[in-house]
Amino acid sequence: TQDPPVPTAPAGPVVLTEQDIHERLKKNNPDYQNNAEFGKQKGEIISAKLVGVEDISALKGMKLQFLDLMNCPVSDLRPLKGMDLQYLDLTHCPVTDLSPLKGMKIQELYLEGSFVSDLSPLQGMPIRILRMEHTPVSDISPLEGMPLNQLNLFDTKVKNLGLINTLPLKTLWIPNTEITDISPLKGMLLESLDIQDTKVADLSPLRGMQFLRLNLANSAVTDLTPLKGMPLQRLIFTPANITKGMDVIRDNPSIQGLGTSFDTVKAADEFWKEYDAAQTKPENEKPEKQKTE
């Protein structure tokens with residue numbers, strides 16, 4: 037006797053249309069304006085950008101890889117559980133709990149202005165770009181060993197950079213933090229460092245490093261001699277605070293841009309012309325620039 041035919045599963049899961057998702061979102065968010073944007077690959081929606089949406093349960097079960105929730109009043113990320121997200125933007129979302137993201141393969145995560153303070157759910161993720169400006173984050177130890185290329189801690193509660201040398205960083209921003217010691221950066225392959233508005237005073241850990249861009253504006257740095265021979269392309273600093281090593285900067289042939297802020301960066305020649313003109317004004321009571329030994 038012949039075996040009964042094996043029942044076959046229907047061909048793949050039901051593929052949601054954009055219209056389906058608009059309707060689902062509208063159901064949970066009465067003010068929704070049908071203004072979400074979607075991107076598809078092989079007929080399946082893999083990216084979404086939502087506007088003004090608070091409840092994202094409509095996304096549950098989708099195969100999203102890219103999700104932009106920037107400025108959405110979203111606080112509950114549980115509908116994202118199990119997604120294959122590679123890119124997630126939670127900028128200015130009132131999110132506190134990242135645990136639904138645990139185990140995801142996210143490579144770019146934007147938390148700027150969110151309420152996140154606990155990074156432990158991110159442990160072991162392949163994140164390359166992590167921005168957390170203006171968050172209450174104080175402990176970055178869960179990031180240990182991550183393939184991070186770019187880390188932004190601007191205006192966070194982070195006080196020390198322990199573990200930072202386990203990260204293959206190219207770009208590190210720590211302005212407006214309570215970090216005072218950058219010795220953990222010694223020997224790292226950083227290209228860009230921003231320590232504006234910090235109490236960092238000693239640049240000697242950076243000696244011999246191959247920085248291209250450095251922002252020291254309003255920091256406690258007074259001595260620029262550790263930057264001697266660095267292939268700097270751009271330096272932002274506060275000349276009035278510098279007592280030593282000004283000539284190290286002036287004699288550096290690689291520097292293309294100099295300024296006291298991002299907005300005032302100009303060609304090096306132009307900068308020195310203005311700087312020298314200001315020094316010769318009679319009302320300028322600045323002490324004589326010290327020459328370095």
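First residue of the sequence shown? That's 37 in our numbering, and the numbers climb one at a time after it. Built from N, CA and C at the ideal position, the CB exists for glycine as well. Owing to the predicted nature of the structure, the values given are computational and were not obtained by experimental measurement.
Three-state secondary structure (DSSP) at residue i?
i: Y68; result: coil
i: F151; result: coil
i: D259; result: strand
i: Q159; result: coil
i: S93; result: helix
i: T207; result: strand
i: W229; result: First, the residue type needs correcting, since residue 229 is Leu and not Trp in the sequence shown. Correct three-state label for L229: strand.
i: S83; result: strand
i: Q55; result: helix
i: K222; result: coil
i: D312; result: helix
i: K280; result: strand
i: N188; result: strand
i: I176; result: coil
i: R114; result: helix
i: K235; result: coil
i: R164; result: coil
i: K317; result: coil
i: K62; result: helix
Could you tell me the boundaries of the beta strand (DSSP E) in which residue i lies?
i: D125; result: 123-125
i: F102; result: 102-104
i: E214; result: Unbroken run through E214: none, as it is neither H nor E.
i: E144; result: 144-146
i: N251; result: 249-251
i: R270; result: 270-272
Please report the residue range of the alpha helix (DSSP H) in which residue i lies.
i: K76; result: Element bounds for K76: not the alpha helix (DSSP H) but the beta strand (DSSP E), 73-77.
i: I291; result: Careful: I291 lies outside any alpha helix (DSSP H) and carries neither H nor E.
Look at residue i and residue j and say whether their C-beta atoms are less than 8 Å apart.
i: L137; j: L103; result: no
i: L105; j: L134; result: no
i: E169; j: N185; result: no
i: V173; j: S153; result: yes
i: L199; j: E227; result: no
i: K206; j: L225; result: yes
i: T274; j: T296; result: yes
i: L268; j: S290; result: yes
i: L197; j: R167; result: no
i: P66; j: S93; result: no
i: K63; j: A72; result: no
i: I165; j: E144; result: yes
i: V87; j: L113; result: no
i: T279; j: S255; result: no
i: T213; j: D191; result: yes
Please check the pair residue i and residue j, which I expect to be a contact at CB under 8 Å, by giving their CB distance rounded to whole angstroms.
i: L250; j: I285; result: L250 to I285, Cβ: 10 Å. No contact.
i: L121; j: I81; result: Not quite, the Cβ-Cβ distance comes to about 13 Å (not below 8 Å), so this is no contact.
i: P241; j: I218; result: 5 Å
i: D331; j: I210; result: Outside the modelled stretch of the chain, which goes from 37 to 329, sits residue 331, for which no answer is possible.
i: P162; j: P178; result: Not confirmed; about 14 Å, so no contact.
i: L61; j: V89; result: 6 Å
i: Q55; j: S83; result: The Cβ separation is near 17 Å, so there is no contact.
Does any residue of chain C have a CB that is nearer than 8 Å to the CB of residue i?
i: V236; result: Of the protein chains in the structure, only one exists, and it is not chain C.
Practice prompt. Would you check if the stretch 298-312 and the stretch 254-262 touch, i.e. whether three or more CB-CB distances between them fall below 8 Å?
Written response: no
Practice prompt. Check whether the stretch 106-116 touches the stretch 61-80, counting contact only when three or more Cβ pairs, one atom from each stretch, lie closer than 8 Å.
Written response: No, they do not touch.
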